[in-house]
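Contents: one structure, followed by commentary.
Number of protein chains: 2
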Amino acid sequence: MSQRNTVVTDQLTAPADAPSPEDCPLPEVLALIGDKWSAQVLVQLGGGPHRFTQLERAIEGISRRMLTVSLRNLERNGLITRTVYPDAPPRVEYATTSLVEDIRAPLEALSTWARHAGPVIAAARHAYDNRR
Amino acid sequence: MSQRNTVVTDQLTAPADAPSPEDCPLPEVLALIGDKWSAQVLVQLGGGPHRFTQLERAIEGISRRMLTVSLRNLERNGLITRTVYPDAPPRVEYATTSLVEDIRAPLEALSTWARHAGPVIAAARHAYDNRR
DNA sequence: CCGTATCCTCAGTGATACTG
DNA sequence: CAGTATCACTGAGGATACGG
């Protein structure tokens, strides 16, 4: 803040209105979907509305409890909708809101990156561990 | 899995080789930079190499310990380099590797989204809490 | 089918003090 | 300057059982 690098106006692939690091709300994003399951729920719902049990089966390893918690959080933050149909047996459908549309692309970019970087990272980790 | 929606081949803004949700390595990405500080460190280093204390001052609220931990993890995974200059007093510089180049864009996209979505989300949250 | 209620554990984090 | 060592805490997350 005080004297942080007088000539860092160029941000590396920075257009004109590049945000400076200090007002980067990345932590807020991570607070929303940075937990263990929320992102996966969103990805899954990207394929269209899902019912509770459908999600539970689709997302490997998630517990009933954590699915509920994640869904409630996402719903509370306006990222998904919860629709209850007055049927018997009960039927509840979850779907993403329009808010999510705009992150789908960057999120998929991250996934793509992960597929490419995965092996490289594994190698780096192995190298790091075998030093010392 | 069993009967999950036979016609979800269209992924919403999906090109030709859209990855299906089940092999989406988003969790891996989050395991890398999904913690409280790593992403911010990367963002900060996006503005060029930084020294330890420089980072400590730039990243509001981070403790010496967590900065160390985050840096070690990032280094271990090959996302940043650590260069020690044999000076007195000690001087260590951290910089991002080329691996990081390709996520900078999506990461900034997420930040931009957050700036736009922030108020909407706050409103949604308020509405949700004031129901019931 | 769609959850809630409890209990419990442990990894991530922070505070503080010390060091090459 | 650039860390490391210790301790203590918190809350995210899992297991299990129950309920509308």
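In the order they appear, the protein sequences are chains W and U. No gaps in the numbering here: position 132 of the first sequence is 132 in this note's numbering, and each next residue is one more. To convert, count from 1 in the second sequence and add 1000; that's this note's numbering. Just so you know, even glycine gets a beta-carbon here, dropped at the ideal spot from N, CA and C. Here the structure is a predicted model, which is why all the values come from computation and not from measurement.
Do you know how far the Cα of Glu1093(U) is from the Cα of Thr1083(U)? Position 83 of the second sequence holds residue 1083(U). Position 93 of the second sequence holds residue 1093(U). Within the model, the alpha-carbon separation for Thr1083(U) versus Glu1093(U) is close to 5 angstroms.
Hey, is the stretch 1099-1109 of chain U in contact with the stretch 1075-1091 of chain U, meaning 3+ C-beta pairs nearer than 8 angstroms? Counting Cβ pairs under 8 angstroms, three or more are found: they touch.
Report buried or exposed for Ser38(W), applying the criterion of at least 16 other Cβ atoms within 10 angstroms of its Cβ. If you number the first sequence from 1, residue 38(W) lands on position 38. Result: buried.
Use the C-beta contact count for Gly1061(U): other C-beta atoms within 10 angstroms, 16 or more gives buried, fewer gives exposed. Your numbering for residue 1061(U) matches position 61 in the second sequence. The Cβ neighbour count for Gly1061(U), taken over all protein chains shown within 10 Å, is under 16; the residue is labelled exposed.
Closer than 8 angstroms is the cut-off here; do at least three beta carbon pairs connect the stretch 1112-1125 of chain U with the stretch 27-44 of chain W? Output reads yes: the stretch 27-44 of chain W touches the stretch 1112-1125 of chain U.
So which residues on chain U does Asn77(W) lean against when the C-beta distance must stay under 7 angstroms? For this step, residue 77(W) is matched to residue 77 along the first sequence. Result: Ile1121, Ala1124, Arg1125.
Taking the alpha helix (DSSP H) that Ala105(W) falls in, what are its first and last residues? Along the first sequence, read from residue 1 onward, the residue named residue 105(W) stands at position 105. Segment 98-130, the alpha helix (DSSP H) holding Ala105(W).
Nearest-angstrom Cβ-Cβ length linking Gln1044(U) and Leu1026(U), presumed shorter than 8 angstroms: For this step, residue 1044(U) is matched to residue 44 along the second sequence. For this step, residue 1026(U) is matched to residue 26 along the second sequence. Taking 8 angstroms as the upper bound for CB-CB distance, Gln1044(U) and Leu1026(U) are not in contact here, some 23 angstroms apart.
Within-7 angstroms CB hit, Pro1049(U) to chain W: As a position in the second sequence, residue 1049(U) is number 49, starting the count at 1. With a threshold of 7 angstroms between beta carbons, Pro1049(U) makes no contact with chain W.
Taking DSSP as the reference, what is the three-state secondary structure of Ile1080(U)? Residue numbering aside, residue 1080(U) sits at position 80 when the second sequence is read from its first letter. Note: Ile1080(U) maps to strand in three-state DSSP.
At a Cβ threshold of 7 angstroms, is Pro25(W) touching chain U? Residue numbering aside, residue 25(W) sits at position 25 when the first sequence is read from its first letter. When Cβ-Cβ separations below 7 angstroms define contact, Pro25(W) makes contact with chain U.
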